[in-house]
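**Student:** Here it is, the structure, as structure tokens.
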Amino acid sequence: NHRENVIKIRQSSGMWKSINSKESTFDSYKEKHFVECQLEQSTACAVVSRLKQDKILIDKHSSGRFSSNVDPRLTMEWPANVCSTNLNINLRVLPVDLPAFTQFIKNCSSDCQGLIAVGPIIELQFDNVSLLKPIKFTLPILVQAKQKVAPIKPTIVVQSQTLQETPTTTPSQQELILQQQQSIFKSVLGDDSNNERLVLLFSNHNENTWHIDSDIHLFDSKIHDIVTTNMKNLHSRMIIARYDRQFTSAKQLQTTI
């Protein structure tokens, strides 16, 4: 599960602050969710549901590796001396499942033409520290099932009186036509991987505009559900997208996302 329940208390300033809390269960109410905490004084409390948060501490002297509790395919790997001071990162992941993505494409087909797959939305909160070396990320992405095109059967003319079959073309010509037709269909449906492109989009907190990070290189995996990249500049929010350049451009993709 990618969500967690936490308790927030209202401070004297009117602001709400999250406090240490843990989820509890009771045998008599297994279908209910409970959260408990310890308070030093009476105050207004609220239980909220939010994305699970992973806390990452990068020691400036040591190398390390992190794997997300929400999606183990999301990893971070850094070398020693990656920064001049210790770096704290809070990470949240909003997954995107294939049925929801498929339904979204169906409902917004005109706006999503050419969009093949996306990854989860990844949120990062981090200290204002400049990286001296890049951090290696592996980012998950959906795998869209390829649509199969049924081969087109050659037309056969049947004479009703003589019951003789008269093929319209010779067998070799028919095979050539079928190959050409299937090649066209595959290109239209995006089966030609040469037309596929990967892009990383990012945005800042409290910003509704997505931008394309053109300064990084994205490396596709053989199974196409993981993308690897090295990042020296972290983003507050980011998402991976795979698109077909025959149907959409990278700039149009920013509006689609």
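The numbering of the sequence shown is full-length UniProt numbering, which starts it at 1 and goes up by one.
Think of the CB as a built atom: it goes at the ideal place given N, C-alpha and C, for glycine as much as any other residue.
1) Please work out which residues of its chain come closer than 8 angstroms, Cβ to Cβ, to L218, disregarding the five sequence neighbours upstream and downstream, and give them in chain order.
2) Closer than 8 angstroms is the cut-off here; do at least three beta carbon pairs connect the stretch 38-51 with the stretch 71-91?
3) What residue range does the beta strand (DSSP E) around K106 cover?
4) Expressed to the nearest angstrom, what Euclidean distance is found between the alpha-carbon atoms of N20 and N5?
5) What's the C-alpha gap between P72 and K55?
6) What's the C-alpha gap between S12 and S28?
7) On the DSSP letters alone, give me the boundaries of the alpha helix (DSSP H) that L253 sits inside.
8) For the beta strand (DSSP E) containing V143, list its first residue and its last residue.
9) If A117 and L142 are in contact, beta carbons under 8 angstroms, what's the gap, nearest whole angstrom?
10) Does the pairing of the stretch 100-112 with the stretch 52-70 give three or more beta-carbon distances under 8 angstroms?
11) Figure out for me which residue from M76, E23 and T255 has the closest Cα to the Cα of W210.
12) Check the DSSP bridge columns for E196 and list the partner residues they point to.
13) Going straight from the alpha carbon of Q42 to that of I58, what length do you get?
14) Check whether the Cβ atoms of G119 and T248 sit closer than 7 angstroms, and answer yes or no.
15) State the start and end residues of the unbroken beta strand (DSSP E) segment that holds L115.
16) Counting along the chain, where does the beta strand (DSSP E) carrying L87 start and finish?
17) Would S221 and L124 be called neighbours here (beta carbons separated by less than 7 angstroms)?
18) Can you tell me where the beta strand (DSSP E) with C83 in it begins and where it stops?
19) Please list the terminal residues of the continuous beta strand (DSSP E) segment that includes K55.
20) Taking Cβ positions, are E77 and K136 nearer each other than 7 angstroms?
21) Start and end of the beta strand (DSSP E) containing K133?
22) State yes or no: is the C-beta of L131 within less than 7 angstroms of the C-beta of K232?
23) Give the straight-line distance between the Cα atoms of T166 and D244, rounded to the nearest whole angstrom.
**Tutor:** From the atom records:
1) Counting only Cβ-Cβ distances below 8 angstroms, and skipping sequence neighbours, we find L198, V199, L200, V227, T228, T229 and I240.
2) no
3) It is not in any beta strand (DSSP E) - K106 instead sits in the alpha helix (DSSP H) that spans L98 to N107.
4) 11 angstroms
5) 15 angstroms
6) 37 angstroms
7) A250 to T256
8) First-last for V143: undefined, no H or E at that position.
9) Right, the Cβ-Cβ distance comes to about 4 angstroms (below 8 angstroms), so this counts as a contact.
10) no
11) Among M76, E23 and T255, the Cα nearest to that of W210 belongs to T255.
12) D244
13) This sequence places Ser at residue 42; Gln is not what is there. In a straight line, the C-alpha of S42 is about 37 angstroms away from that of I58.
14) no
15) L115 to V118
16) L87 to L94
17) no
18) Where C83 is concerned, there is no enclosing beta strand (DSSP E), given that its DSSP letter is neither H nor E.
19) That run of the beta strand (DSSP E) goes Q53 to I58.
20) yes
21) Looking at the DSSP string, K133 is not in any beta strand (DSSP E), and its letter there is neither H nor E.
22) yes
23) Caution is warranted here: a pLDDT of 43 is assigned to T166, below 50, making its placement in the model unreliable, and no coordinate value can be reported.
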